[in-house]
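Going by UniProt numbering, the residue at position 157 of the sequence shown is 157; the numbering climbs one at a time, nothing skipped.
We put the beta carbon where it would ideally sit given N, CA and C, even for glycine.
Nothing here was measured: the structure is a model prediction, and the numbers come from that model.
Read through the structure below, which is laid out as structure tokens, and then see the notes.
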Amino acid sequence: MKLLLQKREAYPLVTEKDITGFTPVYYAAKYGHFRNILLFMERNKAATSVTSDALDTAFHGSARYGWKEIVEVVLTGRKIRSINLKGNQGKTSLQFACAEGHDKVVELLIKLGACVEKDHNDRTALHIAAMRGSKRCVQCILQNHPQCINLFDKNQNTALHLTVIHGHTDIVSCLLSHSEQQILMNKKNHNVLDSTINAERKNVARAIASH
Numbered sequence: 001m002k003l004l005l006q007k008r009e010a011y012p013l014v015t016e017k018d019i020t021g022f023t024p025v026y027y028a029a030k031y032g033h034f035r036n037i038l039l040f041m042e043r044n045k046a047a048t049s050v051t052s053d054a055l056d057t058a059f060h061g062s063a064r065y066g067w068k069e070i071v072e073v074v075l076t077g078r079k080i081r082s083i084n085l086k087g088n089q090g091k092t093s094l095q096f097a098c099a100e101g102h103d104k105v106v107e108l109l110i111k112l113g114a115c116v117e118k119d120h121n122d123r124t125a126l127h128i129a130a131m132r133g134s135k136r137c138v139q140c141i142l143q144n145h146p147q148c149i150n151l152f153d154k155n156q157n158t159a160l161h162l163t164v165i166h167g168h169t170d171i172v173s174c175l176l177s178h179s180e181q182q183i184l185m186n187k188k189n190h191n192v193l194d195s196t197i198n199a200e201r202k203n204v205a206r207a208i209a210s211h
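So, in structure tokens, the structure goes:
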């Protein structure tokens, strides 16, 4: 890669998109090529700021695929301001990391100041982590942003509704144990027990009964 980028004329190639709308730096972030990320950033300062056709940056890619080391280097200096930048479907890097259960990346992002934003479906990182079944991600978000526990998505589902529907018993217990968790109705006029019965989740019903 160094040989390819020896000439200054080649520097713009770092931010040039391919037919699918992604740049070399995005692919480096996606596949965890740390040295190439450093090289791209050295050769072209705008490298990590370029968005794909789906509005995703290298930062989104590194968070989505769990490359904590790359997340850290991409966010150095003034780029920390981009931590809440939204990409495809209105999702932030925190939401992408939660969707894949990358708890170490989630912890880092929250430590660096990531906010709990809503995507195009009005789902927060907590909704997404609860759907995914990542207990550590859920715990980390609640520890730092407890105010999001009862937020609704576009169907008026809370994180508790969604984790019940997906059958994550341990997350159900975690949420019900939280002092600020409320039992609310969604657009179908279902509370969590209604959703449990509708989804035929017997183990979840037992977890709810224990609370």
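For residue i and residue j, I'd like the C-alpha separation in whole angstroms.
i           : j           : result
residue 208 : residue 57  : 40 Å
residue 22  : residue 76  : 22 Å
residue 174 : residue 135 : 8 Å
residue 190 : residue 181 : 16 Å
residue 67  : residue 25  : 14 Å
residue 48  : residue 131 : 29 Å
residue 151 : residue 119 : 12 Å
residue 55  : residue 86  : 8 Å
residue 92  : residue 115 : 9 Å
residue 169 : residue 45  : 46 Å
residue 129 : residue 197 : 22 Å
residue 143 : residue 18  : 41 Å
residue 43  : residue 82  : 20 Å
residue 51  : residue 211 : 46 Å
residue 176 : residue 183 : 9 Å
residue 157 : residue 188 : 9 Å
May I ask which residues mark the beginning and end of the alpha helix (DSSP H) holding residue i?
i           : result
residue 20  : Segment: none, residue 20 is in no alpha helix (DSSP H) and carries neither H nor E.
residue 280 : Given a span of 1 to 211 for the chain in the structure shown, any question on residue 280 remains unanswerable.
residue 171 : 169–176
residue 95  : 93–99
residue 40  : 34–43
residue 72  : 68–74
residue 197 : 192–198
residue 50  : Premise fails: residue 50 is in no alpha helix (DSSP H) and is neither H nor E.
Given residue i, which residues of its chain have a CB within under 7 Å of its CB, disregarding the five upstream and five downstream residues?
i           : result
residue 106 : 94, 97, 98, 137, 140
residue 161 : 186, 192, 195
residue 204 : 164, 167, 169, 172, 196
residue 1   : With a pLDDT of 49 at residue 1, under the threshold of 50, the modelled position of this residue cannot be trusted, and the question is left open.
Where does residue i fall in DSSP's three states?
i           : result
residue 158 : coil
residue 133 : coil
residue 115 : coil
residue 210 : coil
residue 166 : coil
residue 5   : A caution first: residue 5 carries a pLDDT of 46, below 50, which makes its placement in the model unreliable, though a value can still be read off. Note: residue 5 maps to coil in three-state DSSP.
residue 81  : helix
residue 147 : helix
residue 102 : coil
Spatial neighbours of residue i within its chain, please: CB distance less than 6 Å, with the 5 preceding and 5 following residues excluded, ordered by chain position.
i           : result
residue 127 : 153, 159, 162
residue 28  : 36, 37
residue 30  : 61, 65
residue 148 : 116, 124, 126
residue 32  : 67
residue 90  : 119, 120
Within a Cβ cutoff of 8 Å, which residues of the same chain sit near residue i, ignoring the five residues on either side of it in sequence?
i          : result
residue 63 : 71, 93, 94, 96, 97, 102, 105, 109
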